[in-house]
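Asks: Counted the way my numbering counts, the sequence shown spans residues 83 to 562. Each residue gets a CB set at the ideal place from its N, CA and C atoms; glycine is no exception. None of these values were measured; they are calculated from a predicted model. Before I ask anything, here is the structure I am working with.
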Amino acid sequence: MIKFSLDLTIKWLLLAIWTSLFIGGITNYTGSWMHYTVFSFVFLAMLISGLYRQVSYGYLFLVVMLWLGFWFKLTVHLLAAYPFGEPVGFFDGTPAAWDKVLLVATVGGLGVMVARLLFSFGGYPSTMKAQSRVFKAPVWYSAMRQWVWVALMVSCIALAFFNASLGILQIGLVPATILLWPLNAVFSWLIGYGFTLGIATLIWWDIALGRNISSVVYFILLEAFSSSVSILSRGVYIFHAIPPFLGLYKNRASLSGWSRKNTVTVVLVFLVLFAISNPVVNQLRGEYYSNAPAWEWGEGGYKIGPELRSLLRFSVDRWIGAEGVMGVTAYPDKGNDLFMRALIERSEIGKSSIYQEICLSHYRFSDLKKFQFASLPGAVGFFYFTGHLWVVAVGMIFLVFVLLSSERFVFRLTSNPLLCALWGGATANAVAQFGIAPRGLLLYFFELVCGVMAICFVQSEFFAKFLQRSNAFIKMKSQI
């Protein structure tokens, strides 16, 4: 009864907060109150569709990202009236312009929910929880467990230092070192997602063996911290740590020997490393990056101090969504030709992308042979390159359906909800940041699929038999 009352109290508190933000937003919104109201309730429904009867990590992550990038960001800007952190092109802030932005965003949100509805007709079980309490680790893993863990973590830390020294993969920078093909791609993939996939796999195998994971679980945080600092990305720490821990929480009934003390300790260590990684990455970024001025757009309203603005820039404005649609809706030359050119565009060193011209990005004037910064339109903004709302709806339905189906595919192959959580985080982030050289995503997901297939292979009976035969052959040769 106490738990029920507490849950109910939290729900009412969240509803009160949302209502307060909604009232403040609609009071300061200069366009049609009907547009803002429909926009608000569609995005609220979209958020609830991800939180209620959860079926997919990717869908949950995506709706949270979109809600933060559109409704929450826009509402906070309406309340605080501080400048947007990304360029918005020809957007003039008139009531009609705002109504157009909200209309496009609303159609995108509806497309997301339609995809979720269509997927539910398949009757697929959730990928967030293991379907059986009987899990199996590979037969060879128990005997080789310590060596596998040591090899994985030593490789993880060593490659993080190696990358930091040579600049193979660092956010916003052209690679400083080109190794023999395909080492750059392999090392980038390992730091980007390979190591965290490996750690999630080994932890799930430990759970299958009934082992207490209260020690090895910290390797998730160690990998997230080292990768974050190595590639100069604050977000990597979040995207590498949150998904597997959410997966562990969802499957907490399968954990052996886990206690509340373990939970508190993990949370504290997570916060400490997060507090350390941010200033470290900021310091390194300050040394490596140019001092290009940030784009600022805004007018009137409430006044906030620089400290609060800095906090909002870091916590609210990092989510992609609103500015992309603002820039695209105001662009005069939308059409199918623009969409097709952007769809087949390639990322090239020394050349800015099409969207940088649309939003009048200040990144156009940076040294493009050294830096790879870019403003992002997001999936909703990208599909509106056509100028057609139906393309926005169909495009979002397609992307979300692929997101849901691909996570289901990973679950069928591995039966590992921790891998599903990481896959879901990667696909959700890709959809949220969609729009710059989309063809590159094909290679990105090909690499992810190869990683999942490799994990599927090493935990298969075929691989176990291969190891047995190899050991038998080695013993026979030693006897000869």
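In the DSSP assignment, find the unbroken alpha helix (DSSP H) run with SER338 in it and report its ends.
Replies: Looking at the DSSP string, SER338 is not in any alpha helix (DSSP H), and its letter there is neither H nor E.
Asks: Using DSSP's beta-bridge definition, name the partner residues of PHE453.
Replies: Paired residue(s): LEU255.
Asks: Determine the direct distance from the alpha carbon of TYR300 to that of GLN365, and round the result to whole angstroms.
Replies: Taking the straight line from one Cα to the other gives about 25 Å.
Asks: Using 8 Å as the threshold, is the C-beta distance between ARG490 and TYR206 below it?
Replies: It is a contact, given that the beta carbons lie within the stated cut-off.
Asks: Do the stretch 177–185 and the stretch 114–128 meet, that is, are 3 or more Cβ pairs less than 8 Å apart?
Replies: Yes: the two stretches touch, three or more of their Cβ pairs being nearer than 8 Å.
Asks: Closer than 7 Å by C-beta to ARG423: which residues in its own chain qualify, once you throw out the five before and the five after it? Chain order, please.
Replies: Once the five neighbours on either side are set aside, the close Cβ partners of ARG423 are ILE436.
Asks: Does the distance from the C-beta atom of VAL158 to that of VAL462 stay below 8 Å?
Replies: The answer is no: Cβ separation not under 8 Å.
Asks: Consult DSSP for THR209 and reduce its assignment to one of helix, strand or coil.
Replies: Here THR209 sits in coil by DSSP.
Asks: Can you check which of these residues, PHE528, PHE480, THR509, MET535, is closest to LEU199 by C-alpha distance?
Replies: Residue PHE480 is the option with its Cα nearest to LEU199.
Asks: In whole angstroms, give me the CA-to-CA distance for ALA233 and PRO220.
Replies: Each residue's alpha carbon lies about 17 Å from the other.
Asks: Just to confirm the assignment, what range does the alpha helix (DSSP H) spanning TYR118 have?
Replies: Unbroken alpha helix (DSSP H) run through TYR118: 115–133.
Asks: Could you check if CYS532 is buried or exposed, using at least 16 other CB atoms within 10 Å of its CB as the buried criterion?
Replies: Looking at its Cβ environment, which holds fewer than 16 other Cβ atoms inside 10 Å, CYS532 is exposed.
Asks: Using the C-alpha atoms, what's the distance from GLN136 back to TRP149?
Replies: Distance between the alpha carbons of TRP149 and GLN136: 16 Å.
Asks: Quick one: Cα of ALA282 to Cα of GLY417, how far?
Replies: Going by the C-alpha atoms only, they are around 44 Å apart.
Asks: Measuring alpha carbon to alpha carbon, tell me which of TYR413, MET535, TYR331, ILE313 ends up nearest ASN245.
Replies: Considering only alpha carbons, the answer is ILE313.
Asks: Relative to the C-alpha of PHE173, which residue among ALA536, ALA456, ALA404 is closest?
Replies: Out of ALA536, ALA456, ALA404, ALA404 has the C-alpha closest to the C-alpha of PHE173.
Asks: Looking at C-alpha atoms only, which residue of TYR111, VAL186, VAL189 is the closest neighbour of LEU156?
Replies: The shortest C-alpha separation from LEU156 is found at TYR111.
Asks: Determine the DSSP secondary structure at CYS238, reduced to helix, strand or coil.
Replies: If DSSP states are grouped into helix, strand and coil, CYS238 belongs with the helices.
Asks: Would ARG316 be called buried (16 or more neighbouring beta carbons within 10 Å of its own) or exposed?
Replies: Looking at its Cβ environment, which holds 16 or more other Cβ atoms inside 10 Å, ARG316 is buried.
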